[in-house]
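Engineer: Here it is, the structure in full.
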Amino acid sequence: MLKYNFSAGPCVLPQEVLKKAADAVLNFNDLSILEISHRSKDFIGVMDKAQALALEHLGLTGKGYSALYLGGGASMQFLMVAYNLLEKKAAYLNTGTWSDKAIKEARLFGEVQVVASSKESNYNYIPKDYTVPDDVDYFHFQTNNTIFGTQLQNTPDVNVPLICDMSSDIMSRQRDFEKYDLIYAGAQKNMGPAGATLVIVKDEILGKVSRQIPSMLNYKVHIEKESMFNTPPVFPIYATMLTLEWLKDNGGIDWIEKINNQKADMVYGEIDRNPLFTGFVKDKEDRSKMNATFSLHDESLTERFNAMVKEAGINGLNGHRSVGGYRASMYNALSVESVQTLVDTMKELERTA
Ligand SMILES: *Cc1c(COP(=O)(O)O)cnc(C)c1O
1 MLKYNFSAGP CVLPQEVLKK AADAVLNFND LSILEISHRS KDFIGVMDKA QALALEHLGL
61 TGKGYSALYL GGGASMQFLM VAYNLLEKKA AYLNTGTWSD KAIKEARLFG EVQVVASSKE
121 SNYNYIPKDY TVPDDVDYFH FQTNNTIFGT QLQNTPDVNV PLICDMSSDI MSRQRDFEKY
181 DLIYAGAQKN MGPAGATLVI VKDEILGKVS RQIPSMLNYK VHIEKESMFN TPPVFPIYAT
241 MLTLEWLKDN GGIDWIEKIN NQKADMVYGE IDRNPLFTGF VKDKEDRSKM NATFSLHDES
301 LTERFNAMVK EAGINGLNGH RSVGGYRASM YNALSVESVQ TLVDTMKELE RTA
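Counting with UniProt numbering, you get residues 1 to 353 for the letters of the sequence shown.
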């Protein structure tokens, strides 16, 4: 039996997707998906579908956006965003390690104003009291902080282009997606295997910086070439397409959001109820529905709890080294049954401790 996979990324994927992807490795229209040309009609069909499904799920079809699947991970987007959009000055919200890394890259291209940061308290909350000046080229932030387990609930109200790293909560919940000018997400957190990064960009924001942009880093070039300027990551895009189809067949983001809320309620309910555990994020409003961070009050129970977790068949529950404790990542494909198993294990520790 497969383990209950709470890993923060690469993520758990639907069984149905794994089966179809495995079948396609052996035979995809009489070749292996690993062998087909990215210029073949079959793969062009996959790319078109993967792009169309991403826009459709987010309600952005026909609204002036392009969808790209690029290499280089979300980390590449830290610099591509600034390369393509930062002329003089940009505003950034610092809510975690990934924000910090995005800020570092952006500083290579222009002035960066960090409008607020929760770094001083190891990022255990989302700053809310800040203003974004009207004279910046854009405002950049993360919706979900994978490492610390915080999540922005509302879309910031600003008068400048909104640029967002949604790597770890894309396709997990509704947002006012039309308010965003560029959304990017590494596929491996909630959509597929590692290797492809989804970039959704509003065409009208491009072409405004004066610098020369190398072709591979230029969104316009990738849009003109329909995300095939160079050989795209064929298999990760195929698997992502399958996941987006699975999501659509079951009822889309509205459907998964209800299940994600249920899973988060189960885990946080137990963290709050069980006297042995404490949550890392104190303000309930800031708690991530994707990554729940928590720890044991009494560290001497660590070995026993770890053994119970292992015995229950739970994988990937260790917290990131910068937070410690535990992190339950509850991405779209993680079943309610997996979460129930974790909750039961926490209860069992309380009963036997
Ligand atoms: C994992 C992660 C990244 C980095 O993604 P790579 O694809 O490994 O570059 C960036 N931002 C967030 C929010 C993440 O969770």
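Ideal placement from N, C-alpha and C gives every residue a C-beta, glycine not left out.
Check whether the Cβ of residue 246 sits closer than 6 Å to any heavy atom of ligand 1, and report yes or no.
Structural biologist: The answer is no for residue 246.
Engineer: Residues in its own chain within less than 6 Å of residue 91 by CB, not counting five upstream and five downstream?
Structural biologist: Answer for residue 91: 113, 115, 132, 136, 139, listed in chain order.
Engineer: Considering only C-alpha positions, which residue in the set 315, 333, 332, 102 is nearest to residue 326?
Structural biologist: When each option's Cα is compared against that of residue 326, the closest is 315.
Engineer: Determine the extent of the beta strand (DSSP E) in which residue 89 is found, giving its start and end residues.
Structural biologist: Here the beta strand (DSSP E) through residue 89 covers 89-94.
Engineer: On the DSSP letters alone, give me the boundaries of the alpha helix (DSSP H) that residue 338 sits inside.
Structural biologist: Residue 338 -> alpha helix (DSSP H) spans 336-352.
Engineer: What are the complete beta strand (DSSP E) segments, minimum 3 residues, inside the stretch 128-155?
Structural biologist: The qualifying runs are 139-142.
Engineer: Taking the straight line between their C-alpha atoms, what separation do you get for residue 145 and residue 17?
Structural biologist: Cα to Cα, residue 145 sits roughly 26 Å from residue 17.
Engineer: What number of angstroms, rounded off, separates the C-alpha of residue 267 from the C-alpha of residue 37?
Structural biologist: Roughly 44 Å separates the two Cα atoms.
Engineer: Measure how close the beta-carbons of residue 183 and residue 84 come, nearest whole angstrom, since I'm counting them as under 8 Å.
Structural biologist: Contact doesn't hold; Cβ gap of about 14 Å is too wide.
Engineer: For ligand 1, is there any heavy atom lying closer than 6 Å to the beta carbon of residue 100?
Structural biologist: It does not: the Cβ of residue 100 is nowhere closer than 6 Å to a heavy atom of ligand 1.
Engineer: Between residue 167 and residue 189, what straight-line distance do the alpha-carbon atoms span, to the nearest angstrom?
Structural biologist: Each residue's alpha carbon lies about 6 Å from the other.
Engineer: Mapping the DSSP letters down to three states, classify residue 294 as helix, strand or coil.
Structural biologist: Residue state, collapsed to three classes: strand.
Engineer: Quick one: residues in its chain with C-beta nearer than 8 Å to the C-beta of residue 119, no 5 flanking neighbours on either side, listed in chain order?
Structural biologist: Correct list, in chain order: 94, 100.
Engineer: Terminal residues of the continuous beta strand (DSSP E) containing residue 197?
Structural biologist: It spans 197-202 - the beta strand (DSSP E) in which residue 197 sits, taken as one unbroken run.
Engineer: Hey, residue 123 and residue 148: beta-carbon distance below 7 Å or not?
Structural biologist: Contact flag set, yes.
Engineer: Nearest-angstrom Cα distance between residue 256 and residue 66?
Structural biologist: Residue 256 and residue 66: Cα-Cα distance of roughly 24 Å.
Engineer: With a Cβ-Cβ cutoff of 7 Å, do residue 186 and residue 328 count as a contact?
Structural biologist: Result no, Cβ atoms of residue 186 and residue 328 do not sit closer than 7 Å.
Engineer: Going by beta carbon distance, what residues of the same chain come within less than 7 Å of residue 29, once the five residues before and after it are set aside?
Structural biologist: Closer than 7 Å at Cβ, skipping near neighbours: 42.
Engineer: Say whether chain C places a C-beta atom closer than 7 Å to the C-beta of residue 315.
Structural biologist: Here chain C cannot be found, since the structure has a single protein chain.
Engineer: Would you say the beta carbon of residue 192 comes nearer than 6 Å to a heavy atom of ligand 1?
Structural biologist: Residue 192 Cβ: outside cutoff for every heavy atom of ligand 1.
Engineer: Can you tell me whether residue 22 is buried or exposed, with buried defined as 16 or more other CB within 10 angstroms of its CB?
Structural biologist: Exposed.
Engineer: If we call anything under 7 Å between Cβ atoms a contact, is residue 288 one with residue 77?
Structural biologist: Taking 7 Å as the Cβ cut-off, residue 288 and residue 77 do not qualify as a contacting pair.
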